[in-house]
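Be aware that the sequence shown starts at 95, since it is given in the numbering used here, and climbs by one per residue. Glycine residues also receive a C-beta, built at the ideal position from the N, C-alpha and C atoms. The structure presented is a predicted model; accordingly, all values stated were derived computationally and were not measured.
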Amino acid sequence: MHPMQSIGRPGNMALSVGAQSWLADVERRDQQDVWASIHSSVLGVLPSWRNGLALECAIRLDDTTYAGEAHVVEQFGERIHLRLVKETLRPERRAFLRVLGGFEVHYRTPHREGFGTCFDLSAGGMRIRIEADVEPQAAITLWFRLPGEDVPIRTEGIVLRVDDPDDGHPGRFVGVKFASLRPSDGVRIAAFCQPD
95 MHPMQSIGRP GNMALSVGAQ SWLADVERRD QQDVWASIHS SVLGVLPSWR NGLALECAIR
155 LDDTTYAGEA HVVEQFGERI HLRLVKETLR PERRAFLRVL GGFEVHYRTP HREGFGTCFD
215 LSAGGMRIRI EADVEPQAAI TLWFRLPGED VPIRTEGIVL RVDDPDDGHP GRFVGVKFAS
275 LRPSDGVRIA AFCQPD
């Protein structure tokens, strides 16, 4: 059965346009329609999206994360109605359980330093969207705070994959494998990634 053919318990999702991502709580879903409540950014800002806008999304439903495309049907403030393009949805299979990101990440490469957005996270690494050019196998240093925590995590990493999104916005998706994560930080991330 296709995941959109069943109505299960609500989940959560990350929505991305360009280099910006937002988390949202799924309140209701019916077939390929999803109604959700968007979390504001750390500065209290909510996106304002026009009807019909195509978004990249990752949605966690029934203990499985799917990635694909969604179109805005209607938005009222933090409430949004989305239609998932079910033909684009695919399960995300990873060695570690992954969760949706949506938080800021400070990065440094040999040639650039800046901020990006975490799109998903596991105890083994993360996928971030940044506006820097970086090549696979490049060294990268990351600093970030897990949502709800004050103590930052710093780790060295290796860029495993770089993907150019096809949404016309600047930025690249960069898959990073953690290379020198402290064991205590690995435990924190693993605990954060566990389902409720």
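Inset, instruction - Measure the alpha-carbon distance for G171 versus F197 and round it to whole angstroms. - result: 20 Å
Legend entry - Option nearest C212 by Cα separation, candidates L147, P204 and I224: I224
Inset, instruction - Quickly, what does DSSP pair Q169 with across the bridge? List them, please. - result: I174
Inset, instruction - Name, in chain order, the residues that DSSP records as bridge partners for T235. - result: R202 and E250
Inset, instruction - Under 8 Å Cβ to Cβ from Q126, same chain only, skipping five residues before and after it: list those, please. - result: M98, R177, L178, V179 and K180
Legend entry - Close-in-space but distant-in-sequence residues of the same chain around E121 (CB under 7 Å, 5 per side omitted): P104, W129, A130 and S131
Inset, instruction - Apply the 10 Å Cβ neighbour rule to E150 and answer buried if 16 or more other Cβ atoms are within range, or exposed otherwise. - result: buried
Legend entry - Sequence-distant residues of the same chain with beta carbon closer than 7 Å to A284, five excluded per side: A217
Inset, instruction - Starting from S131, follow the alpha helix (DSSP H) in both directions and report where the run begins and ends. - result: Note, S131: premise wrong, no alpha helix (DSSP H); beta strand (DSSP E) at D127 to I132.
Legend entry - DSSP three-state assignment for R282, whether helix, strand or coil: helix
Inset, instruction - In the DSSP assignment, find the beta strand (DSSP E) that holds L109 and state where it starts and stops. - result: N106 to V111
Inset, instruction - In the DSSP assignment, find the unbroken beta strand (DSSP E) run with R276 in it and report its ends. - result: Neither: R276 is in no beta strand (DSSP E) and is coded neither H nor E.
Inset, instruction - Buried or exposed for V270, please, with buried defined as at least 16 other CB atoms from any protein chain shown within 10 angstroms of its CB. - result: buried
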